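See structure below.
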Amino acid sequence: MSGNTTTIALVRHAESHANVGHILGSHAGCTGLSDRGREQARQLRAALLETSVLSNASIAMTSRLAQAIETYEIISPAVGGGRLKAKHDCGFCDVHWGELDGAAEDDLVLPETIYSPVAPQGESWVGFVRRATRALTSLALAAAGSTAVVVTHGGVIKTSLRAYGGRRYHHVEDDIGYGALAIWEKVVDNEWTLIFYGESNSLMEGIHAPLP
Amino acid sequence: MMTHDLDEKLLQRIIDMIRKCARLLDPGEEVLPERPLREVGVDSFGLVDLLVMLEDELDIVLPDDLLTPEMFESAATIAVAVTSVLTAG
Chain A
1 MSGNTTTIAL VRHAESHANV GHILGSHAGC TGLSDRGREQ ARQLRAALLE TSVLSNASIA
61 MTSRLAQAIE TYEIISPAVG GGRLKAKHDC GFCDVHWGEL DGAAEDDLVL PETIYSPVAP
121 QGESWVGFVR RATRALTSLA LAAAGSTAVV VTHGGVIKTS LRAYGGRRYH HVEDDIGYGA
181 LAIWEKVVDN EWTLIFYGES NSLMEGIHAP LP
Chain B
213 MMTHDLDEKL LQRIIDMIRK CARLLDPGEE VLPERPLREV GVDSFGLVDL LVMLEDELDI
273 VLPDDLLTPE MFESAATIAV AVTSVLTAG
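The listed protein sequences derive, respectively, from chains A and B. Just so we're aligned, residue 1 is where the first sequence starts under the numbering used here, counting upward by one. Just so we're aligned, residue 213 is where the second sequence starts under the numbering used here, counting upward by one.
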């Protein structure tokens, strides 16, 4: 997976305190991984070490949220020979909740339209997907011919189905779990192919092209 | 601003971009400036594709407060919004 091939692995962060407590966690409300989340990240690291799937990575990124940064810290021995420091990019963050950052999920009133912000100072769905699409597109250019790994969030990974897959992956509706990953591959100027989408234990069964 | 006041070249560029994001257009099918985007199959992700395309190709940033259902009604309404950004810049 190098040279003429670009590989981008999008890892969903492991379970966080905010997930357990049903908190809307952006930059302030996210306080890192739960005990179970740390175990999920260790399982992912074991699977990555076993398969060497990201051993040749040369780019590592995370969102700016603690749950993503901590997940990367745990899996980093299995990425790029264990010497790859991650850059943090807000483009890969989950929805910015604005004034609801740190509030209970029950406090969220669903916006009227996809253009309406989720809260004052927060993002709309359109704004979030635009930001994530731009981050994914920039990464694809920066990673051309190499392997990149990003620890990010479910919404960003879903956005990748459209940003990289166009309409070919519209049938993929299931969210992947905490600590799971999606791996995209592009050979020269061909279209992106989703070569893996699932949990770390499935990674042990081998990389294959399940979709579309 | 009325449709006849809009820059024809800009309007055509926007229609060309809409074609790339529309799922329900037959090849060669005409897209009139006032035709609703939902009629030609521009879904929610298609809207974001169109938004990113507009910003990249026209080298503009459309501020969040301009992004409304009314703005994304048709090529003509998008052209009005884009024109306001271009003239303000």
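The beta-carbon is built from N, C-alpha and C at its ideal position, and this holds for glycine as well. In this text, all values refer to a predicted model and were calculated from it rather than measured experimentally.
The secondary-structure analysis by DSSP pairs residue 185(A) across a beta bridge with 7(A) and 193(A). Beta-bridge partners assigned by DSSP to residue 88(A): 62(A).
The secondary-structure analysis by DSSP pairs residue 104(A) across a beta bridge with 23(A). Our two residues, residue 174(A) and residue 180(A), have alpha carbons roughly 12 Å apart in a direct line. Of all residues in the stretch 102-119 of chain A, those with a C-beta nearer than 8 Å to a C-beta of chain B are 113, 114, 115 and 117, reading in chain order. The Cβ atoms of residue 7(A) and residue 186(A) sit closer than 9 Å to each other. Among the bridge pairs identified by DSSP, residue 152(A) is matched with 12(A).
Within the stretch 139-167 of chain A, those residues whose Cβ lies closer than 8 Å to any Cβ of chain B are, in chain order, 162 and 167.
DSSP lists no bridge partner for residue 159(A).
Bounds of the alpha helix (DSSP H) holding residue 289(B) are 287-300. What residue 238(B) touches in chain A, judged by beta-carbon distance under 8 Å, is nothing: the nearest beta carbon there is about 17 Å away. Assignment of residue 236(B) by DSSP, reduced to helix, strand and coil, places it in the coil class. Excluding the 5 residues flanking it on each side, residue 116(A) has same chain C-beta neighbours closer than 6 Å at 124, in chain order. Look at the stretch 260-281 of chain B: the residues with a C-beta under 7 Å from a C-beta of chain A are 260, 263, 264, 276, 279, 280 and 281. Within 10 angstroms of the beta-carbon of residue 261(B) lie 16 or more other beta-carbons, which makes it buried. Residue 145(A) carries a coil assignment under DSSP once its states are collapsed to helix, strand and coil. Per DSSP, the unbroken alpha helix (DSSP H) holding residue 256(B) starts and ends at 256-270. Neighbours of residue 256(B) across chain A, judged by C-beta separation under 7 Å: 114. The way I'd put it, the stretch 129-145 of chain A does touch the stretch 255-270 of chain B; three or more beta-carbon pairs between them come closer than 8 Å.
Look at residue 139(A) here: in three-state DSSP terms it is helix.
Against chain B, the CB of residue 124(A) has a partner CB under 9 Å away; the residue lies at that interface.
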